[in-house]
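This report refers to the structure that appears directly beneath it.
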Amino acid sequence: MKHMEVVGVRVEMPSNQPIVLLKETGGERYLPIWIGAVEATAIALAQQGVTPARPLTHDLFRDVLEALDATLDTVNITALDDGIFYAELVFSNGVEVSARPSDSIALALRTGATIYAKEEVIDEAGVPIPDEQEDEVEKFREFLDTISPEDFGRTT
1078 MKHMEVVGVR VEMPSNQPIV LLKETGGERY LPIWIGAVEA TAIALAQQGV
1128 TPARPLTHDL FRDVLEALDA TLDTVNITAL DDGIFYAELV FSNGVEVSAR
1178 PSDSIALALR TGATIYAKEE VIDEAGVPIP DEQEDEVEKF REFLDTISPE
1228 DFGRTT
């Protein structure tokens, strides 16, 4: 398993499909995962530190975990099958629950859980971006700093 960092979300053109971009820590491969607009908004809000007036589903899940005195330890991106990514939530009591990567990432950002991806998934879907192209990644990060939830067609 490789430790992953959330770079951010963006809307892929011309399909207008949101993606979340993960980067392997200490490496040069990026993992783009196509997600829904609602999940993109949830991830963007968490990255921006925005607290909605009422809890979103991922906020509610975090609050329920806290009320039950449980924690989400890790999120594992475990498989890619026929273009569909799979993930597992690993809780402090050892229980593992299958989940969509988009929901898992949104929850990890709210709880501080670590995100990992199986090497095979990164080998299959990862995109290497060498250091000399890092300025392009920085431009992407700057773009992420300028977007808002409204850019995904939904407000909180």
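FYI, in this note's numbering the residues of the sequence shown are 1078 to 1233.
All residues carry an ideal CB built from backbone N, CA and C; glycine is no exception.
Distance between residue j and residue i (C-alpha atoms, nearest Å)
| i | j | result |
| --- | --- | --- |
| residue 1161 | residue 1168 | 23 Å |
| residue 1191 | residue 1170 | 16 Å |
| residue 1148 | residue 1193 | 16 Å |
| residue 1101 | residue 1095 | 20 Å |
| residue 1115 | residue 1122 | 11 Å |
| residue 1163 | residue 1130 | 31 Å |
| residue 1092 | residue 1109 | 15 Å |
| residue 1145 | residue 1138 | 11 Å |
| residue 1201 | residue 1157 | 8 Å |
| residue 1198 | residue 1117 | 21 Å |
| residue 1087 | residue 1097 | 7 Å |
| residue 1078 | residue 1141 | 28 Å |
| residue 1185 | residue 1084 | 13 Å |
| residue 1107 | residue 1195 | 13 Å |
| residue 1166 | residue 1124 | 19 Å |
| residue 1132 | residue 1120 | 14 Å |
| residue 1180 | residue 1090 | 22 Å |
| residue 1233 | residue 1112 | Residue placement at residue 1233 is flagged as unreliable, the pLDDT there being 46, under the threshold of 50; a coordinate-derived value is accordingly withheld. |
Per DSSP, the bridge partner or partners of residue i
| i | result |
| --- | --- |
| residue 1160 | For residue 1160, which the question treats as bridged, DSSP gives no partner whatsoever. |
| residue 1176 | 1164 |
| residue 1081 | 1101 and 1192 |
| residue 1087 | 1096 |
Contacting residues, own chain, Cβ-Cβ under 7 Å from residue i (five flanking each side not counted)
| i | result |
| --- | --- |
| residue 1082 | 1099, 1100 and 1102 |
| residue 1178 | 1110, 1154, 1162 and 1164 |
| residue 1182 | 1083, 1097, 1120, 1152 and 1192 |
Candidates the options: closest to residue i by CA position
| i | options | result |
| --- | --- | --- |
| residue 1174 | 1197, 1097, 1150 and 1084 | 1150 |
| residue 1188 | 1203, 1135 and 1172 | 1135 |
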